[in-house]
Each structure stands twice: as C-alpha cells, then as structure tokens.
Amino acid sequence: MSTPSKYWFIRPQASPQILRSFRGLSPVIAQVLLNRGFDNPTEAQNFLYIKKPVKALGEQGEMKDARKAAERLKTAIQKHEKIIIYGDFDADGVTSTVLMVEVLQALGAIVQPYIPHRVDEGYGLNSEALSKLAAEGAKVVMTVDCGIRSVQEVLDGNAAGLDMIITDHHSIGSEIPDAYAVVNPKQTDCGYYEDMLAGVGVAYKVAGALLEICHRDPNFKHANVKDAEWVKTIITSMLDLVAIGTVADLAPLNRPENRALVRLGLEVINSARRPGVKALLDVSGIEAGRATAMSIGFSLGPRINAAGRLDDAMIAYNLLSAQDVFEAATLADNLQAMNTRRQELTREAQAAIREQLALETQVDRPLIFAGGEFQPGIVGLVAGRLVEEYYRPSVVMEHGASESRASCRSIPQFDITGALDQCADLLVRHGGHPQAAGFTVLNENLADLKLRLLNLAQTTLEGQELRPTLEIDSEVDINQLSEFMVDDLELLEPTGYMNSSPIMMARNVYALEWRTVGMEGRHLKLKIARAGKPPLDAIGFGLGDWINQLPCHFDVAFQLEMNEWNGNRTLQLNVQDIRLAGVE
Numbered sequence: 000m001s002t003p004s005k006y007w008f009i010r011p012q013a014s015p016q017i018l019r020s021f022r023g024l025s026p027v028i029a030q031v032l033l034n035r036g037f038d039n040p041t042e043a044q045n046f047l048y049i050k051k052p053v054k055a056l057g058e059q060g061e062m063k064d065a066r067k068a069a070e071r072l073k074t075a076i077q078k079h080e081k082i083i084i085y086g087d088f089d090a091d092g093v094t095s096t097v098l099m100v101e102v103l104q105a106l107g108a109i110v111q112p113y114i115p116h117r118v119d120e121g122y123g124l125n126s127e128a129l130s131k132l133a134a135e136g137a138k139v140v141m142t143v144d145c146g147i148r149s150v151q152e153v154l155d156g157n158a159a160g161l162d163m164i165i166t167d168h169h170s171i172g173s174e175i176p177d178a179y180a181v182v183n184p185k186q187t188d189c190g191y192y193e194d195m196l197a198g199v200g201v202a203y204k205v206a207g208a209l210l211e212i213c214h215r216d217p218n219f220k221h222a223n224v225k226d227a228e229w230v231k232t233i234i235t236s237m238l239d240l241v242a243i244g245t246v247a248d249l250a251p252l253n254r255p256e257n258r259a260l261v262r263l264g265l266e267v268i269n270s271a272r273r274p275g276v277k278a279l280l281d282v283s284g285i286e287a288g289r290a291t292a293m294s295i296g297f298s299l300g301p302r303i304n305a306a307g308r309l310d311d312a313m314i315a316y317n318l319l320s321a322q323d324v325f326e327a328a329t330l331a332d333n334l335q336a337m338n339t340r341r342q343e344l345t346r347e348a349q350a351a352i353r354e355q356l357a358l359e360t361q362v363d364r365p366l367i368f369a370g371g372e373f374q375p376g377i378v379g380l381v382a383g384r385l386v387e388e389y390y391r392p393s394v395v396m397e398h399g400a401s402e403s404r405a406s407c408r409s410i411p412q413f414d415i416t417g418a419l420d421q422c423a424d425l426l427v428r429h430g431g432h433p434q435a436a437g438f439t440v441l442n443e444n445l446a447d448l449k450l451r452l453l454n455l456a457q458t459t460l461e462g463q464e465l466r467p468t469l470e471i472d473s474e475v476d477i478n479q480l481s482e483f484m485v486d487d488l489e490l491l492e493p494t495g496y497m498n499s500s501p502i503m504m505a506r507n508v509y510a511l512e513w514r515t516v517g518m519e520g521r522h523l524k525l526k527i528a529r530a531g532k533p534p535l536d537a538i539g540f541g542l543g544d545w546i547n548q549l550p551c552h553f554d555v556a557f558q559l560e561m562n563e564w565n566g567n568r569t570l571q572l573n574v575q576d577i578r579l580a581g582v583e
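In numbering that gives the first Met the number 0, the protein residues as written are 0 to 583.
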C-alpha cells in the first residue's frame, strides 16, 4: 500500500460581474466565499464579521434540557450539595471541566472535578467511580464531553443516589441514558439551531443558562450575581477555554456559532489573563496578541492533550485553573516535555505499523486494522497519521490482557461510528463522530470484529477512487502575490476545520533553490522565482521526498502567509502539493 497522490480540484472562476457584487471585498475573498457556499453577498458579509454568539436562552430555540440542568445545579448550590463535574481527558473535556467548575465556584457551589485516567479507567463514565463519588457525598454528577452512550453507567449512578446530568456533543446511540437531564444538540427533539458545537460549547451554554437563571432569581443568595456586569465578566472570561476546546476538537469553523465563539475566545487568549494560557503561549513560542486558531490547533491543543495521553489529564486541568503564574509555568514546562515525548512515540508507532503493512499480502485493503503494545494515549494520533499517509479508514489497537481499546480515524466516504454501530454486538462500548471514534472490545471478538469492519469498508468503498482531494480556491499569478492579499485573507479567520485557510495555485513556476529541512529531511524549503521581484520563500511540510525529483517547471498549490522570524515579516508560500507543469 503506497501513499496516494492528491487529486487537484480547481474551483471554477466566477465572472467579474459576480465578484463585483461582493462590494467592499477583494475578488480573491469573494471567490473563496462563493466556493464555500456564500452566494449571497449579505450572508457572506455576516459570515466574515459575525462576532456575537447566540445567547444561552431565548434566541434561536433553547437547547433541550439546558434549563432543566441549570435549575438542578442552582438548587444544588442553594442546598450546599456536592457537585461533581465529570470530564473527558482530551482538550475539549479538560476545558469543559475547568469552565464548569469555575462558573460553579463563582456562584458559591461545593464542586470538584473528576477526569478519569485514560489507562486505569478508560473513556467516559464508569460505574465504580460513580459509586465512590456517591459514597464521598456527591449528590449531582454533571458530565462534560462524554456520557451520551453511557446507558448502564447512568442507571448505576441513579441507583447510587446521584442526580445525573449528561452534557455531550457526540453521536447519539440507539438509547438515550435515563439521566435527570440530557443536553446534547444532536438529539432529534432538540430545538437548538446548531448541532455541531464542541463539548465545551455545550457546557458553555449550560453555564450561561445557569448564570442567567441565578441572576433572575430574587431568592438566589449571592453578593454579585444580581450585577449584570459581573455575570457578563464571568461568562466572557470563559471564552478562552471555549475557543481552545472548540478548535482542538475539530468542531467545524464554518458554523456561525463556533466561528463567533472562537473569534471572541481568541481575544481573551491574546489578552493572556489566565496564567495557564499565558504559560502555554510562552512554552509554545507564541507572543501574546498573535495567537490564532492555528496556534490552538498546532500548539496549545496538543500540549493540553499530552497530559491525558501520557500521564493524567488533571495536570492540564491544574494548569488551566492555576491562579499562580509560577505554578502555571512549571506545569506548562511539564506539558511541553510530555508533548515532545508524545511526538516521539507517535513516530515510532507509525513506523512499526508501516512494517506490519509491508508484510501483509493484501496490497490495497479498504481499511487499516493494526495494533501492538502501544501507549494508549497515542493510538488516535497514529490512526490519524495513517489516514493522512494512506487515505484509508484506520483502526489502531492498544492490546490488553483480556480486552483491547482502539481509536479510529476515517475519510469522508466512510462513517466509522456508523460502522461500529453495525458491530455493536461484538463491542463492550463505542462512540464518536463519523470520522473519529473509539471502542473497547473483548480479545475473543477481535478476529470477528476485524473481518466485519473490513467487509463493511469493502462494500461501502468499492468502486470509489480513494485518494485525498486538494480543493483549490483560486488560480493566481505568482507575480501578483502581496502582503495586501494576506491582509484580505485574514478576514476569513478563524480558519481551521471546515473553514480552512484558502488554497491557491500558480502554474509553471520554477525554483531557484531547494533543500530539505527538519528531522530526517521531511520538509522541503524553496525559493521560487518571480519576474522583476525578489524570489518568494516557500516551505512544504512533509514534502521532502521531492528533493531529488523536483521538475524544472511545476505547478504549486499553497496557502499564502506571513512568516515572522527575529522581528522580520516576509511573504511565504505554505506549499500543500506540487505537480508537473501542464498535468491536469
């Protein structure tokens, strides 16, 4: 099985008349917006400049059970009942946990976090933990970013005397847990207009509802909650957490609500008021004031995730909730070291699986199913790397004595969670999204599971050309690129999943210089010639294999950006792919 070449899909160019109808926008921005479905200039303007998320209550329909959950939390505060916020160990779960604990603390609640250990307990609710929490005096357990498929565990929590509140954003299973309240916008009877929030986005809605209900209740005893400005300050201060969890969990940024939450959250991140965020920016080498959604996706998020992957997610929780700058700096250094180790382990596991695949007789299988004695926290990352490398759905197992756990990543043509639903009789538990999921399986069922998943993938993908598609937003003249174009493109921020930075292409260019850089020469560094102008710097991450086969003239697909180094800002092409000139 070899790395597939990319198919370049070049979007058709709109007529000058259509582009001019987008008044106040450059032709390049207008073309990008048209490509992304904004054929109405007014809607396009709203998308670019939206800055106001929908309120927790009263606009666009309420999220089902959000008010009910908030009322129960308010009662628990008033009765001095112990509340547990039960989170997940990834960046979305950690930020959700910090957010809810801090809001509840601000309202005077008796509250504590609980994030299960990835190795010892696994993902989501577990009955043993719930029994222990109940024995320790907890009365209410609210999940964040987990729980929607924990039907038995919720029943066990109920039996232990807990009022269970589920808040989640993952795909709904065949049965909704019998909890006191279930807040998940993917429920078919939920009237909320946006069903693609991250877990932290759902938690933020519940937190907003709680603050609003307490603010309006004349009997709620709290010194500050009657002050509307205090309420606004509390909920606004949580937006940095919302932005981090939303981007890190790949919630789609073409959705207005996610876009608004991340845009506002980046303002809070760049103010660096939270000691933990400031420490993360420092160890990532990001100057406060210059953080973007890409900074979250490639720097902040992976470091937060590293804690739950290699050690205990509570390290990341303690960092984000730290009040002391020195404590935050120490914890951030710890996460930095973990992240470096996580990168090493991921590379080693990916290399081991390549060797496994090389020994298999079936050259072009529809799905990769691999496993080994891997660190549990990296199997999802390895699965993602395999999808990038081979463009096949990938399942990576971490084998245990009697049962094994796996993470799955997929391609748009194959709904991996839907496939797991068809294997539910073989699984202990499972859940996720169409392109990312996880499961636990008894080892005695492994062979049957592998065969069924391979058959499902074969049936679904048969006859389809499986190679990644590179969508080109616009063809441009290499000589016309400028810093002004970069400024225009920044209107599309925050960019990320489902609102990627635009990809442009230039035809028939040639390089004056080229060399490899980075570990094992994985990346390609070029200087591309321009007529009557200084050459353009270009960097192609993961394109080092072109070093000995770069043609004299070639087409280049790229994202345009400014490279900042030692106080200097220069125009740079972030190369996405290269092909022979004239090849369509």
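Glycine is no exception: its CB is placed at the ideal position from the N, C-alpha and C atoms. These numbers come from a predicted model, not from an experiment.
CA nearest to the CA of residue i, picked from the options
i: L279; options: A306, V139 and P255; result: A306
i: Q322; options: A271, N304, P365 and A69; result: A271
i: D486; options: L559, F438 and V153; result: L559
i: M337; options: I352, A315 and Q349; result: A315
i: E387; options: F540, D155, N218 and G156; result: F540
i: L299; options: S283, M313 and R451; result: S283
i: M313; options: I295, P533 and N333; result: N333
i: I303; options: M497, E461 and G275; result: G275
i: R529; options: A510, E193 and E519; result: A510
i: M195; options: K220, D144 and E174; result: D144
i: P26; options: R35, P15, N34 and G36; result: P15
i: I285; options: Q571, E464, G566 and R578; result: G566
Range of the contiguous beta strand (DSSP E) that encloses residue i
i: C422; result: First-last for C422: undefined, no H or E at that position.
i: G437; result: A435 to L441
i: A312; result: Where A312 is concerned, there is no enclosing beta strand (DSSP E), given that its DSSP letter is neither H nor E.
i: Y6; result: Y6 to I9
i: S406; result: E402 to R408
i: V522; result: This sequence places His at residue 522; Val is not what is there. Start and end: H522 to R529.
Distance, residue j Cα to residue i Cα
i: A206; j: C422; result: 36 Å
i: P375; j: R308; result: 7 Å
i: A75; j: I83; result: 11 Å
i: S130; j: D177; result: 17 Å
i: V508; j: L549; result: 11 Å
i: L441; j: D420; result: 16 Å
i: P40; j: Q30; result: 11 Å
i: M0; j: R353; result: Summary for M0: the model assigns pLDDT 49, below 50, so the residue's position carries little reliability; its value from the coordinates is reported in the next sentence. Distance between the alpha carbons of M0 and R353: 9 Å.
i: F438; j: A556; result: 37 Å
i: N223; j: A436; result: 42 Å
i: V110; j: P217; result: 23 Å
i: F373; j: L209; result: 42 Å
i: Q575; j: I546; result: 15 Å
i: Y227; j: C213; result: According to the sequence displayed, residue 227 carries Ala and not Tyr. Cα to Cα, the separation comes out at about 11 Å.
i: A13; j: R19; result: 10 Å
i: V381; j: T345; result: 6 Å
i: T515; j: N257; result: 37 Å
i: L535; j: E174; result: 56 Å
i: V199; j: N34; result: 29 Å
i: F483; j: W564; result: 19 Å
i: E4; j: R466; result: For the record, residue 4 in the displayed sequence is Ser; it is not Glu. Each residue's alpha carbon lies about 7 Å from the other.
i: G520; j: C551; result: 21 Å
Beta-bridge partners of residue i, as assigned by DSSP
i: S473; result: M503
i: Y85; result: Y113 and T142
i: I584; result: Residue 584 is absent from the model: the chain starts at 0 and stops at 583.
i: T468; result: Y6
i: A137; result: K81
i: W665; result: The structure shown does not extend to residue 665, since the chain is modelled only from 0 to 583, so the question has no answer here.
i: V555; result: A505 and I577
i: W637; result: Nothing about residue 637 can be reported from this structure: the residues present for the chain run from 0 to 583 only.
i: R428; result: T439
Alpha helix (DSSP H) segment containing residue i, residue limits
i: R568; result: First-last for R568: N567 to L579, but that is the beta strand (DSSP E), not the alpha helix (DSSP H).
i: P184; result: Element bounds for P184: n/a, residue is neither H nor E.
i: K204; result: G198 to R215
i: K449; result: L445 to L460
i: D162; result: No alpha helix (DSSP H) contains D162, which is instead part of the beta strand (DSSP E) from D162 to T166.
How do the stretch 387-406 and the stretch 470-483 stand: do at least 3 beta-carbon pairs fall below 8 Å, yes or no? no
Are the stretch 461-470 and the stretch 2-11 touching, with three or more C-beta to C-beta distances below 8 Å? Look at the beta carbons and you see the stretch 461-470 touching the stretch 2-11: at least three pairs across the two are nearer than 8 Å.
Exercise. Below 8 Å, can you find three or more Cβ-Cβ pairs linking the stretch 160-174 to the stretch 431-442?
Worked result: yes
Three CB pairs or more closer than 8 Å across the stretch 136-143 and the stretch 348-362: no
Contact between the stretch 180-192 and the stretch 445-461 is defined here as three or more beta-carbon pairs at a separation below 8 Å; is this criterion met? Counting C-beta pairs with one atom in each stretch, the stretch 180-192 and the stretch 445-461 have fewer than three that are closer than 8 Å, which means they do not touch.
(Q) I want to know whether the stretch 93-109 touches the stretch 233-243 - three or more CB-CB distances under 8 Å. (A) Proximity of the stretch 93-109 to the stretch 233-243 meets the contact definition, three or more beta-carbon pairs being nearer than 8 Å.
ask   = Are at least three pairs of beta-carbons, each pair with one atom in the stretch 240-257 and one in the stretch 80-97, less than 8 Å apart?
value = yes
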